[in-house]
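Chains Z and U, in that order, are what the protein sequence lines are. First residue of the first sequence: 1, per the numbering used here; consecutive thereafter. First residue of the second sequence: 1001, per the numbering used here; consecutive thereafter. Working notes, beginning with the structure itself.
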Amino acid sequence: MMNYFELFDLPSLFELDVNALRLKYLELQRIVHPDKFANASERERLLAVQKTAQINDGYSMLKSPITRAEHLLALADIELAHEYQTLKDPMFLMQQMELREQLEDIPTAKDPEQEIIDFQLQIDTFIAQFEQQFNQLFNDGSQQALDNAADNVRKLKFMLKLAAEARDLEEQILIF
Amino acid sequence: MAYSEKLLDHYENPRNVGSFDKNDPQIATGMVGAPACGDVMKLQLKINDQGIIEDAKFKTYGCGSAIASSSLVTEWVKGKTLDEAGEITNRTIADELALPPVKIHCSILAEDAIKAAIADYKDKKSK
């Protein structure tokens, strides 16, 4: 499996210097730019195209915290990307239900514009907490901690779904 | 990919939407979520003294296939014993609704919701 952190010369950690990532990305892109291979052989041109795709994939994967976390776990042999496993934590799911009910009620609330903003702040706080916890668990590195980190990523996905739905609703509310 | 008529029917006219009081000793609650898509499903069963499921309700936040799967399951479990309900598999749900392969996880969610509700009931009884 490709380690994208190595590709970008970065430490394999959740905490990431986004600016360093971006600079390295631009540098790598320049090196494999098609213009540099105008007179190269067919094979070299093909390799450059493949490398470009790899650089783009790696950049988008590391840039976003959730896919960066998934990549770190995949490198530790915990594959989350295509799992069908369901989550059964009743407390967490109960909270998810309540948050979704809350979101559902916002359009008919007295002040939907304020409520959607408050709701988004609330979700952002949850997301920040999960990311912080993930960072600690991943840095711990024990198998138990990594399994808990994986659970953390699963829960983060529910929060990101809520955040996306809240954004959609915010757009609708602001249009009307 | 066209969706089957059964699936669309359950999606457009979902059966048994709602909630029971989860603290009622006759009520079993199963909560499950699918991290892959962020769908959340709550299935509640009303179980009589003979261990037969008298009624069922669900609340699902998710895609059409997840809603249809849970709606179908509430119809199927009524009149069944807990053991019979526990035998419902995601395969039979997926076949009944002709779910496309990318939506198979919705039927897994529904199967696991039944199992979670049964576990909740057994847990309640043992207390």
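Just so you know, even glycine gets a beta-carbon here, dropped at the ideal spot from N, CA and C.
Of Z:L174, Z:E15 and Z:T125, the smallest CA-CA separation from R68 of chain Z is found for Z:E15. With respect to C1106 of chain U, S1071 of chain U sits apart: the two C-beta atoms are not nearer than 7 Å. When C-beta atoms of the segment 76-88 of chain Z are compared with those of the segment 43-55 of chain Z, fewer than three pairs fall below 8 Å, so the two segments do not count as touching.
When the beta-carbon positions are compared, L1097 of chain U and L1008 of chain U stay at least 7 Å from each other. Assignment of beta-bridge partners to A1034 of chain U by DSSP yields U:D1039. Identification of chain U residues near L93 of chain Z by a Cβ-Cβ cut-off of 8 Å yields M1031, V1032, G1033, V1040 and K1042, ordered along the chain. Annotation: the continuous beta strand (DSSP E) that includes I1053 of chain U extends over I1053 to Y1061. Residues of chain Z whose Cβ lies closer than 8 Å to the Cβ of A1036 of chain U are, in chain order, H82, E83, Y84 and K157. For chain Z, the residues of the segment 1105-1127 of chain U that bring a beta carbon within less than 7 Å of one of its beta carbons are H1105, I1108, L1109, D1112 and A1116, in chain order.
With contacts defined by Cβ atoms closer than 7 Å, Y4 of chain Z and M61 of chain Z form a contacting pair.
Of the candidates Z:Q120, Z:Q102, Z:L87 and Z:T125, the residue whose Cα lies closest to the Cα of A150 of chain Z is Z:L87. The Cβ atoms of A1110 of chain U and G1030 of chain U do not sit closer than 7 Å to each other.
For the segment 16-81 of chain Z, the continuous alpha helix (DSSP H) assignments of 4+ residues that do not extend past its boundaries occur at 18-31, 42-63 and 65-75, in sequence order.
Listed by position along chain U, the residues whose Cβ is nearer than 7 Å to that of P90 of chain Z are M1031. For the segment 1041-1075 of chain U, the beta-carbon criterion of a distance under 8 Å to any beta-carbon of chain Z is satisfied by K1042, K1059 and Y1061. Against chain U, the beta carbon of L174 of chain Z has no neighbour under 9 Å; the closest one sits roughly 23 Å away.
Here R167 of chain Z has Q120 as same chain residues with Cβ atoms under 8 Å from its own Cβ, once five neighbours each way along the sequence are excluded.
Under a 10 Å Cβ-count criterion, V1073 of chain U is classified as buried, with 16 or more other Cβ atoms of the shown protein chains found around its own Cβ.
Sequence-distant Cβ neighbours of V1017 of chain U in its own chain, meaning closer than 8 Å and more than five residues away, are K1057, F1058, K1059 and S1071.
Chain U places no beta carbon closer than 7 Å to that of M2 of chain Z, leaving this residue out of the contacts.
For L87 of chain Z, the residues of chain U that pass the 8 Å Cβ criterion are V1032, G1033, A1034 and P1035, in the order they occur in the chain. If you draw a straight line from the Cα of D1021 of chain U to the Cα of P1100 of chain U, it comes to about 34 Å.
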